[in-house]
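J.: Got a structure for you, written out below as structure tokens; questions coming shortly.
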Amino acid sequence: MHYRSQVMKSVSSLFELLKNQKKVCIMITNFPPYPENTEAFRGGVTEVHEQLYNQLIKNGVDTFVISFSLYGRSPHKDGIYRVGTYIPYSKSKVRRLIFPFLEFFNPLIFVNVMRILIREKPSCVEYASLLQGSVAPLVASVLFRTRIIVRNDWLCPNLYAKSQSCSDAQRLRECAECLGIKNPFLRPVAGLYSIIILKFKRFLWNRYCTVIVQSSYHRNLLEGWGILPEKMILIPPTSDIFEDPLYTGELVKLKKDKIILAYIGRLTVEKGFDMLLESFKMVMQKRQDAALWVAGTGDLKRDMHGVEYLGWVEKDRLGSVYKVADIIVAPTVVPEAHPATVDDALKYKKPVVAFKVGALEEMIGNRGIFCNGLSPESLYEGMIKAIDSLGEK
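In my numbering, the protein residues as written are 41 to 433.
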């Protein structure tokens, strides 16, 4: 389903959209404070909304958060409601496989969210994805009859949507494959489920919600899913990062005379981190003067010659990583609407090596190097080309 192109409304930031609200509810899967000595599984979405929360509070906007307790151990904080326990799907192949069916409509989450909304009476709900795939929080918000702004949610049962919207026939045939379902009896069930969730969410979004899109790619994807253009507002993600002079000095000493390729993000398969390590091993065979810095956490951490793990770097000093690095590698293999890592790299005028997926081609343009095909070999070639181009400047 496609609609005639029209000029899309745009706002500079989420804060600008929400700053005049009397009371804001942010719904998001993960939100601090996190349990001590536990990997937080944070990403760009969480960082953007943590900053949004602080901005709203600082400017006198009454704001509260509905989220989950990570492993059931998140510390208590006033104004942060935990409506369930979250165990990352990357920790369990079975949970990742069946998560759409488990979370489609969790009645306990629905009741908890509804109870909080009735108590707090927000003038606006900013839905930053309280479990992608779940409609329980969304239905609760609709029944509460408040303004709903959807920012991070997919009309696709997979953790990451395809680069183009699928027809009903494609969903029926292909959703099971995307989800990794091999059972011949469950395959058509997965496709049917996908069609149902698409039509139900599409109805809710078109009837009751304002939908934020982060790029032209994102808009085209949602239009293909049947979301009305007049329901959309363009707001590219904004999240400030800063430099710490002391940390910058430490990184300069660590760099020595090496050419630094930097990866910033979660260490997961969908982010292409496993492929990055494989590709960098090939880089080291040709360029001993190169090093890879990794700023992030995840299950795929693997000690390797030339790779330096910086751990999770907070935003108040993340700018130092971009400043000292020579090249930023963004090897995500799934379509993303507007990855913050690329945005920050471009602000620091750093060349970006990436695959042509999602909004990356639109964002990077001629300010980076695109790899042909999703493979370690093509990523290796892109990194070598980026390194060689440094000497040409």
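Each residue gets a CB set at the ideal place from its N, CA and C atoms; glycine is no exception. All figures in this text were calculated on a predicted structure; none of them were measured in a lab.
In angstroms, rounded to a whole number, what distance separates the CA positions of Gln210 and Ala230?
T.: 12 Å
J.: Can you tell me which of Glu270, Phe225 and Asn260 puts its alpha carbon nearest to the alpha carbon of Asn246?
T.: Glu270
J.: Would you call the segment 297 to 311 and the segment 333 to 347 in contact, with 3 or more CB pairs under 8 Å?
T.: yes
J.: Counting along the chain, where does the alpha helix (DSSP H) carrying Gly231 start and finish?
T.: Leu226 to Tyr248
J.: Tell me whether Glu76 is buried or exposed, calling it buried when 16 or more other Cβ atoms sit within 10 Å of its Cβ.
T.: exposed
J.: When DSSP builds the beta bridges, which residues end up paired with Thr125?
T.: Ser109
J.: Report the residue from Val64, Phe144 and Phe71 whose alpha carbon sits nearest the alpha carbon of Ser114.
T.: Phe71
J.: Which word fits Ser45, buried or exposed, when buried means at least 16 other C-beta atoms lie within 10 angstroms of its C-beta?
T.: Because the pLDDT at Ser45 is just 49, under 50, the model does not fix this residue reliably, and the value given afterwards should be weighed accordingly. Burial call: exposed.
J.: If I follow the unbroken alpha helix (DSSP H) through Phe322, where does it start and stop?
T.: Position check: residue 322 holds Met in this sequence, whereas Phe was assumed. It spans Phe313 to Lys326 - the alpha helix (DSSP H) in which Met322 sits, taken as one unbroken run.
J.: Select from Ile368, Gly264 and Val361 the residue whose C-alpha is nearest the C-alpha of Met423.
T.: Ranked by Cα distance from Met423, the options Ile368, Gly264 and Val361 are led by Ile368.
J.: Using a Cβ-Cβ cutoff of less than 7 Å, which residues in the same chain neighbour Thr288 once the five nearest sequence positions on both sides are dropped?
T.: Ser360, Lys363 and Val364.
J.: Compute the beta-carbon to beta-carbon distance between Ala331 and Gly346, rounded to the nearest angstrom, for a pair I have assumed lies under 8 Å.
T.: 5 Å
J.: Roughly how many angstroms lie between the CA atoms of Leu317 and Val393, to the nearest whole one?
T.: 14 Å
J.: Please name the residue in Glu263, Leu358 and Val323 whose C-alpha comes closest to that of Leu291.
T.: Of the listed residues, the one whose Cα sits closest to Leu291 is Leu358.
J.: Suppose contacts are defined by Cβ-Cβ distances below 8 Å. Is Gln254 in contact with Pro285 by that definition?
T.: Not in contact: Gln254 and Pro285 (Cβ atoms no closer than 8 Å).
J.: Tell whether a beta-carbon distance below 8 Å holds between Val64 and Cys164.
T.: yes
J.: For Lys59 and Val382, I'd like the C-alpha separation in whole angstroms.
T.: Cα to Cα, the separation comes out at about 27 Å.
J.: By a C-beta neighbour count over all protein chains shown, 10 Å radius and 16 as the cutoff for buried, is His42 buried or exposed?
T.: Reliability of the predicted coordinates at His42 is poor, the pLDDT of 44 falling under 50, and the value obtained from them is presented with this limitation in mind. His42 is exposed by the Cβ-count criterion.
J.: Looking at the strands, I want to know which residues DSSP matches up with Val165.
T.: Cys65 and Ile188
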